[in-house]
Amino acid sequence: NAGVTQTPKFRILKIGQSMTLQCTQDMNHNYMYWYRQDPGMGLKLIYYSVGAGITDKGEVPNGYNVSRSTTEDFPLRLELAAPSQTSVYFCASSYREDDYGYTFGSGTRLTVV
Amino acid sequence: QKEVEQDPGPLSVPEGAIVSLNCTYSNSAFQYFMWYRQYSRKGPELLMYTYSSGNKEDGRFTAQVDKSSKYISLFIRDSQPSDSATYLCAMSEGGNNRLAFGKGNQVVVIP
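Going line by line, the protein sequences match chains A and B.
In this text, residue positions in the first sequence follow my numbering: the first is 8, and each later residue adds one.
In this text, residue positions in the second sequence follow my numbering: the first is 5, and each later residue adds one.
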């Protein structure tokens, strides 16, 4: 199994540009999450989804949007990129509500200049 | 006061030493406690999972939870260079499935 796959691995955006970070999982997990990790700041939850068609905001949702049209895919959309969105973005998934052993992707390193 | 406190200061130890890491927390509703290991430029991976108070051992790794003190620990015995990574504590109340992460603690094991 591939697990959680994120693309792209690296990206440089100019201020004001938009992009979509892709995330797909092949484990039939219901729960999916987007986190950002800033140096020395730990992981912050951006958005999460408990199943296809259902999404909700996390701690730091401003400037981002998500959709969940299938169980496998959970893309994260950045509109009007800002330097504050420079970070490493991780997608994760888990099978059920009480499954705390998340499977993480390898991350997307985004720089906004 | 932040919900989960973890001193991110890098920790360098010689090979074979015992590594001791800890986190404190303020939310007494946390019931599920995890340690994740993150290698450089990789995503975190679950290392240890504990429910409520007590100890859990898995090979060279031991996780301890003291809910009365709101304090969790991870011990690595006979540390190896392959243990060099960042270790993140995480915890949850349950139900809403939200994980609160610590900042992570970078560990370097010197051969």
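Think of the CB as a built atom: it goes at the ideal place given N, C-alpha and C, for glycine as much as any other residue.
DSSP three-state assignment for residue i, whether helix, strand or coil
i: residue 87 of chain B; result: helix
i: residue 90 of chain A; result: helix
i: residue 18 of chain B; result: strand
i: residue 26 of chain A; result: strand
Nearest residue (CA-CA) to residue i, options the options
i: residue 73 of chain B; options: B:61, B:88, B:62 and B:56; result: B:56
i: residue 63 of chain B; options: B:51, B:69 and B:71; result: B:51
i: residue 57 of chain A; options: A:19, A:119, A:117 and A:105; result: A:105
i: residue 40 of chain A; options: A:107, A:98 and A:116; result: A:98
i: residue 54 of chain B; options: B:43, B:41, B:35 and B:45; result: B:35
i: residue 45 of chain A; options: A:81, A:77, A:79 and A:67; result: A:67
i: residue 35 of chain A; options: A:53, A:96 and A:59; result: A:59
i: residue 92 of chain B; options: B:107, B:102, B:79 and B:45; result: B:107
i: residue 76 of chain B; options: B:105, B:113 and B:86; result: B:105
Residue-chain proximity (residue i, chain B), Cβ-Cβ < 7 angstroms
i: residue 100 of chain A; result: no
i: residue 71 of chain A; result: no
Below-7 angstroms beta-carbon distance, residue i vs any chain A residue
i: residue 106 of chain B; result: yes
i: residue 96 of chain B; result: yes
i: residue 46 of chain B; result: yes
Counted within 10 angstroms of its Cβ, other Cβ atoms place residue i as buried (16 or more) or exposed
i: residue 99 of chain B; result: exposed
i: residue 30 of chain B; result: exposed
i: residue 48 of chain B; result: buried
Q.
Would the region 8 to 21 of chain A count as touching the region 103 to 113 of chain A if we require 3 or more Cβ pairs under 8 angstroms?
A. Counting Cβ pairs under 8 angstroms, three or more are found: they touch.
Q. Is the region 19 to 31 of chain A in contact with the region 85 to 103 of chain A, if contact means three or more CB pairs nearer than 8 angstroms?
A. Segments in contact, yes.
Q) Counting pairs of Cβ atoms below 8 angstroms between the region 15 to 27 of chain B and the region 71 to 83 of chain A, do you hit three or more? A) No, they do not touch.
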